[in-house]
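Asks: Listed in order, the protein sequences are those of chains A and B. Just so we're aligned: 49 in our numbering is position 49 of the first sequence, and the numbers increase by one with no gaps anywhere. Convert by adding 1000 to the 1-based position in the second sequence; the result is the number in our numbering. Here's a structure for you.
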Amino acid sequence: MRPADGAQGTAVDAAANGGAGVAALPPRGRSLPVVSISRLLAVIAIIVLVPVIVDGFTVFYIDVCITAAVFALLIRSLGILTERAGMLAVCPLAFAAMGAYTVGYCNVHGWPGGVFLWMFLGGVAAMPVGFLVGLPALRLRGINLAVITLSFGAAVYSLLNTYEFPGYEAGNYVQRPSILINDSSYFILCWGVFVAVCVGIWALERRPFGTAWRCVARSERATAAMGMSVVRTKLGLFMISAFIAGIAGALLVGEFGVAVGTNFDPVTALALFASAIMLGGGNPEGAAIAGIFIAFTPTVLGDLGINQDFSNIFFGVGAIQALSMGSSITGFWRLQIRRISLRLRGRRGLTDPPPVLLSTPPRRARESDAAGTDAMQIHNLTVRFGNVVALDDVSLVVPHGIVTGLIGPNGAGKSTLVDAVSGFIRGYDGVIELGGEPIDRLSVHRRARAGVRRTFQHERTVPELTAGEYVRLAARGRISAAEISDALAYVDGPSPRALISEVDVGSRRLVEIAGCLASRPTVLMLDEPTAGLAQTESLAVAAAIAGMPERYGCAVLLIEHDMNVVSAACGHVTVLDFGSEIASGTPAEVLQHGAVISAYLGDQMVTV
Amino acid sequence: MLTSAVAGIADGGGAYALLAVALILMYRTTGVLNFAIAAVGTFGTFLTSFLYGNGWPLLPATLIGMAAGAAVSVVYGLVYVRFFFDAPQRHRTAVAIALLLGTISLTYRVFGENPRYLPSIVKGSVGEVAGIQVSGSGVLAAALAIGAAVGLTLMLSKTRLGRQLRGISQGPVTCELLGIRVRALSVGCWAVGGAIGTIAMLLVAPGQDTQIESLALLVVPGLAAALVAVFRRYWIAVIAGILLGAAQGMLEYSNSLRVFSTAIPFVVILVILLWLERREVWDEAR
């Protein structure tokens, strides 16, 4: 394994950092002095707060502690959207208001079931709102999503100020049941809900659905190419986030008996957003600390005779500082803890166990894999971008049992062909058949599930995952630890326990290939897998590719520039130039072909 | 109906148009969608109000308010240039949201929570249209927006500075390599944006609720107008801002529909964005 290439990718904890994160991180050397100032402030603030929390369980402070739990839930709901999935949504309070409204409504109309059920219903009622806000997020990203959610929050707020919450005017307040009647039991309920929510998120993030959140932040294309629906992932996440915020709103009503519009004002929403970025709403401890901060700073500052507006300025500055560092405060702590533990393990001579090759990895039988048929057939594929014909009537067969090479000079249409086959280009002419069945009408993730897998020219692994977690995700969870280890070992990849952000780009590419193999595809399309590798490494990868059809039962379509790799790996080669096939045959035949030589080296070379 | 539409234009439309022009200018040259523009303008406006309340004449108070708005904006510009010059778009957006929060809180901190008397920098009305008095500040805002749109369009297409600014909007790093002082120009645009934002808020604030946060959130209709113009054509943004004010005015007229007037920008934004981005099924290809 090569050492990490300086990209401190683990620091991608700051909200919204997932996507292009690594590039934005500052060099480590410069970062340390800047860290200390605001982090020192945070530490001092916590030192001030903790005694207050511990001693100060007076009537007044327990109220604040309950509010802190509500805020912590809201920040957690924001954290999974912004930090995990990289979606900048600034309207958690709109979801919370829906939860609060539902509890008030149930109370006023005397619904059966009592407060506990109503609170749950509050969360459920917020889910459709989350779904509706999530719909635009299927097309809108980054700045546009922030604009939409900001304006949505403002519009909801003005509605809330016009219409009272149910029960407010008549004084028909929600009564807590006797078990929750005193504040200390309600305090326990609120923080208990927070812990339960964090456990629930933790459990989800161990499943492919939850792991896919991080993947969406990294690349939507890669998510779909692994067989996961981006639509389902995004909408599901918005609904879960709304559910959590809805519960928080419901708990707020339980605390005060009734909600008022000003509970949900946009400035509070902005403060929640900023504190989530500053402290790391994606981490449970970050959300808890941020919730305590937001609830307590006005109180503590007020007691100290300091104007409360300072707290929001503090959060704004803290958020900007965290963004400039590329890491939230708790994300930074986690990174430090990881560094220390790595150093301790290194001192004790412990390293991550290398992946282990199985003697015979299990192969999944697919109906489409029947011997003697072609794995994939491409008939008369034509792709146009405006007036440019990127692929002109290309037909190609990818048979079982061998590696098929697809070569050609830059701009020949190789990657376009991979994009069309994997489903990213809609509206092509021609037919693509997998095991005799046309897949043209299938979406990207359905094609991937049907057995078409691909890698990308620029690797798109997820830096926050370990290699093993990534491979499990690529196999959509249906795989044993031994098979994960086997796939990584076969490509000579890193340990399953290695964090992807801590391995170099070449190894990340191997992890990506291992993920594809682990999913046991019918056809595996490798888009320049050896780009940027040294010659010896390239040939090792070529040897591994050559063995893939035999060992994993997949047909391979290899796109490559390096003729040594092509000769070593491929049984059959097709050459494209300007979108058309110009030659086809065994590597030796094709490389002698006059049209191929002229395509690569220019006409003069041929005549000479 | 017509009456209330006219009132809407006078109340908000001109200011929305001005905000939209400033938002486009800043987005095109600095790559930042400045969510804090109305908040910065509110800061400048409150300073003007404070000085005026302490016996300053209106004109110097106004000029100092504008200078303060520009100065705050320049500080933000320096933050961007120093820490986020080539940061990914998501980071820059999150920073803008944090700046919105910080500016609102700063304004509260400096000027307190009590409602302020906000002087009208243009006194009285300029005449009667369809039976209602049209306020001078509304007309002035609309006129300034049109003037700014025309001026900016000419400047960008005719002058050397304009060509440089257009270059920056296409590729800041390339321009920097070509020897254009991208960072200085970018901070300059922050100053202009802060000043225009302050003018817009000075003109709209006397007719509005004087709460700091509701003033700061007037950036939302400004964003809607800028989006209609796809952050490109200033004159379309001006027309959109004015029409948005008219539409809000018409809803304000009706008691039952009044609450929806703040929802209009949201609906406009939603429809426009979904239409523009309808083909953006996937995130970036490379």
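In this text, a Cβ means the ideal position worked out from N, Cα and C, and glycines have one as well.
In the DSSP output, what is residue 399/A paired with across the bridge?
Replies: On the first sequence, residue 399/A is found 399 positions in, with the first residue counted as 1. According to DSSP, which records beta bridges pairwise, residue 399/A is partnered with 374/A.
Asks: Could you give the distance in angstroms between the alpha-carbon of residue 88/A and the alpha-carbon of residue 241/A?
Replies: Within the first sequence, numbered from 1, the residue matching residue 88/A stands at position 88. Within the first sequence, numbered from 1, the residue matching residue 241/A stands at position 241. Going by the C-alpha atoms only, they are around 13 Å apart.
Asks: So, for residue 352/A: in the same chain, excluding its five sequence neighbours on each side, which residues have a beta-carbon less than 6 Å away from its beta-carbon?
Replies: Within the first sequence, numbered from 1, the residue matching residue 352/A stands at position 352. These residues qualify, in order along the chain: 495, 497 and 498.
Asks: What's the C-alpha gap between residue 149/A and residue 515/A?
Replies: Your numbering for residue 149/A matches position 149 in the first sequence. Your numbering for residue 515/A matches position 515 in the first sequence. Going by the C-alpha atoms only, they are around 35 Å apart.
Asks: Please list the residues of the stretch 212–224 of chain A that have a C-beta atom closer than 7 Å to any C-beta atom in chain B, keeping them in chain order.
Replies: For the stretch 212–224 of chain A, which is checked against every Cβ of chain B, the residues closer than 7 Å are 219, 220 and 221.
Asks: If you compare alpha carbons, which of 1248/B, 1046/B, 1045/B and 1191/B is closest to residue 1260/B?
Replies: Within the second sequence, residue 1260/B is the residue found at index 260, counting from 1. Ranking the options by Cα distance to residue 1260/B, first place goes to 1248/B.
Asks: Could you tell me which chain B residues have their CB closer than 9 Å to the CB of residue 155/A, listed as they occur along the chain?
Replies: Counting from 1 along the first sequence, the entry for residue 155/A is found at position 155. Residues of chain B passing the Cβ test: 1220, 1260, 1262, 1263, 1264, 1265, 1266 and 1267.
Asks: Note down, in chain order, every chain A residue with its Cβ under 7 Å from the Cβ of residue 1277/B.
Replies: Translated into the one-based positions of the second sequence, residue 1277/B becomes position 277. Neighbours of residue 1277/B on chain A, chain order: 139, 140 and 144.
Asks: Only counting the same chain, and skipping five residues up and downstream in sequence, which positions put a Cβ closer than 6 Å to that of residue 1155/B?
Replies: Working through the second sequence from its first residue, we reach residue 1155/B at position 155. Excluding positions up to five away in sequence, the list reads 1162.
Asks: Cutting at 6 Å between CB atoms, please list the residues of its own chain near residue 401/A, excluding the five before and the five after it.
Replies: Taking the first residue of the first sequence as position 1, residue 401/A is located at position 401. Around residue 401/A: 549.
Asks: What is the residue span of the beta strand (DSSP E) that residue 574/A lies within?
Replies: Your numbering for residue 574/A matches position 574 in the first sequence. Run containing residue 574/A: 572–577, per the beta strand (DSSP E) assignment.
Asks: For the structure I just gave you, are there three or more beta carbon pairs, one from the stretch 1232–1245 of chain B and one from the stretch 1050–1062 of chain B, closer than 8 Å?
Replies: Too few Cβ pairs lie closer than 8 Å, so no.
Asks: Against chain B, with Cβ distances strictly below 8 Å, would residue 136/A count as a contact?
Replies: Taking the first residue of the first sequence as 1, we reach residue 136/A at position 136. Yes, its Cβ sits closer than 8 Å to a Cβ of chain B.
Asks: In this structure, does DSSP put residue 379/A in helix, strand or coil?
Replies: The residue you call residue 379/A lines up with position 379 of the first sequence. Here residue 379/A sits in strand by DSSP.
Asks: Counting along the chain, where does the alpha helix (DSSP H) carrying residue 241/A start and finish?
Replies: Counting from one through the first sequence, the residue named residue 241/A turns up at place 241. Note, residue 241/A: alpha helix (DSSP H), 230–256.
Asks: Just the C-alpha distance for residue 266/A and residue 312/A, rounded to the nearest angstrom, thanks.
Replies: Numbered from its first residue, the first sequence carries residue 266/A at position 266. Numbered from its first residue, the first sequence carries residue 312/A at position 312. Their Cα atoms are separated by approximately 13 Å.
Asks: Rounded to whole angstroms, what's the CA-CA distance from residue 1213/B to residue 1036/B? Just pull it up for me.
Replies: Translated into positions along the second sequence, residue 1213/B becomes position 213. Translated into positions along the second sequence, residue 1036/B becomes position 36. When rounded, the distance between both Cα atoms is 11 Å.
Asks: Quick check on this structure: which residue in 1206/B, 1039/B and 1153/B has the alpha carbon closest to the alpha carbon of residue 1068/B?
Replies: Residue numbering aside, residue 1068/B sits at position 68 when the second sequence is read from its first letter. Residue 1039/B is the option with its Cα nearest to residue 1068/B.
Asks: Which stretch, first to last residue, makes up the beta strand (DSSP E) that contains residue 1120/B?
Replies: Residue 1120/B sits at position 120 when you count from the first residue of the second sequence. Looking at the DSSP string, residue 1120/B is not in any beta strand (DSSP E), and its letter there is neither H nor E.
Asks: Residue 619/A versus chain B: which residues are under 9 Å apart at the beta carbon?
Replies: Any answer about residue 619/A is impossible in this case: the structure gives chain A only from 1 up to 608.
Asks: For my contact list, residue 245/A and residue 74/A are in at a C-beta cut-off of 8 Å; report their separation, rounded to the angstrom.
Replies: Position 245 of the first sequence holds residue 245/A. Position 74 of the first sequence holds residue 74/A. Confirmed, about 6 Å.
Asks: Roughly how many angstroms separate the alpha carbons of residue 457/A and residue 512/A, rounded to a whole number?
Replies: Working through the first sequence from its first residue, we reach residue 457/A at position 457. Working through the first sequence from its first residue, we reach residue 512/A at position 512. Between residue 457/A and residue 512/A, the C-alpha separation is close to 11 Å.
Asks: Listed from N- to C-terminal order along the chain, which residues in the stretch 1097–1116 of chain B have their beta-carbon within a distance smaller than 7 Å of any beta-carbon of chain A?
Replies: Under the 7 Å Cβ criterion, the stretch 1097–1116 of chain B contributes 1097, 1098, 1099, 1100, 1101, 1102, 1104, 1105, 1106, 1108 and 1109.
Asks: Should residue 1190/B go down as buried or exposed, given a rule of 16 or more other Cβ atoms within 10 Å for buried?
Replies: Here residue 1190/B refers to the residue found at position 190 when the second sequence is read from its first residue. By the neighbour-count rule (16 or more Cβ atoms within 10 Å), residue 1190/B is buried.
Asks: Which whole-angstrom value describes the C-beta separation of residue 277/A and residue 1094/B, a residue pair presumed to lie in contact below a C-beta threshold of 8 Å?
Replies: Position 277 of the first sequence, counting from 1, holds the residue named residue 277/A. Position 94 of the second sequence, counting from 1, holds the residue named residue 1094/B. About 6 Å separates the two Cβ atoms, so the contact holds.
Asks: Looking only at DSSP bridge pairs, what is residue 555/A linked to?
Replies: Start at 1 with the first residue of the first sequence, and residue 555/A comes out as number 555. For residue 555/A, which the question treats as bridged, DSSP gives the partners 523/A.
Asks: Taking the alpha-carbon positions, what's the residue 167/A to residue 188/A distance?
Replies: Your numbering for residue 167/A matches position 167 in the first sequence. Your numbering for residue 188/A matches position 188 in the first sequence. Residue 167/A and residue 188/A: Cα-Cα distance of roughly 26 Å.
Asks: What residues are listed by DSSP as bridge partners for residue 581/A?
Replies: Along the first sequence, read from residue 1 onward, the residue named residue 581/A stands at position 581. Looking at the DSSP assignment, residue 581/A forms a beta bridge with 576/A.
Asks: Buried or exposed for residue 109/A, going by 16 or more other Cβ atoms inside 10 Å?
Replies: Indexing the first sequence from 1 puts residue 109/A at position 109. So residue 109/A ends up on the exposed side.
Asks: Check whether the Cβ atoms of residue 294/A and residue 71/A sit closer than 8 Å, and answer yes or no.
Replies: Looking up residue 294/A in the first sequence gives position 294. Looking up residue 71/A in the first sequence gives position 71. Yes, Cβ-Cβ distance for residue 294/A and residue 71/A is below 8 Å.
Asks: Please name the residue, chosen from 569/A, 252/A and 213/A, that lies closest to residue 165/A on a Cα-to-Cα basis.
Replies: Your numbering for residue 165/A matches position 165 in the first sequence. It is 252/A.
Asks: How close, in whole Å, do the beta carbons of residue 195/A and residue 107/A come, if the pair is a contact with beta carbons under 8 Å?
Replies: In the first sequence, counting from the first residue as 1, residue 195/A sits at position 195. In the first sequence, counting from the first residue as 1, residue 107/A sits at position 107. The Cβ separation is near 26 Å, so there is no contact.
Asks: Tell me, please, whether the CB atom of residue 1286/B is closer than 8 Å to any CB atom in chain A?
Replies: Along the second sequence, one-based indexing puts residue 1286/B at 286. Low per-residue confidence applies at residue 1286/B: pLDDT is 47, beneath 50, and the placement is therefore not dependable enough to give any value.
Asks: Which residues in chain B sit within 8 Å of residue 265/A, going by Cβ to Cβ distance?
Replies: By 1-based counting over the first sequence, the position of residue 265/A is 265. Those are 1213, listed as they occur along chain B.
Asks: With the cut-off set at 8 Å, would you say residue 62/A and residue 255/A are in Cβ contact?
Replies: Counting from one through the first sequence, the residue named residue 62/A turns up at place 62. Counting from one through the first sequence, the residue named residue 255/A turns up at place 255. Contact: no.
Asks: For residue 93/A, which residues from the same chain have a beta carbon less than 7 Å from its beta carbon, with the 5 sequence-adjacent residues on both sides left out?
Replies: Here residue 93/A corresponds to residue number 93 of the first sequence, with the count starting at 1. 153, 264, 268 and 269, listed in sequence order.
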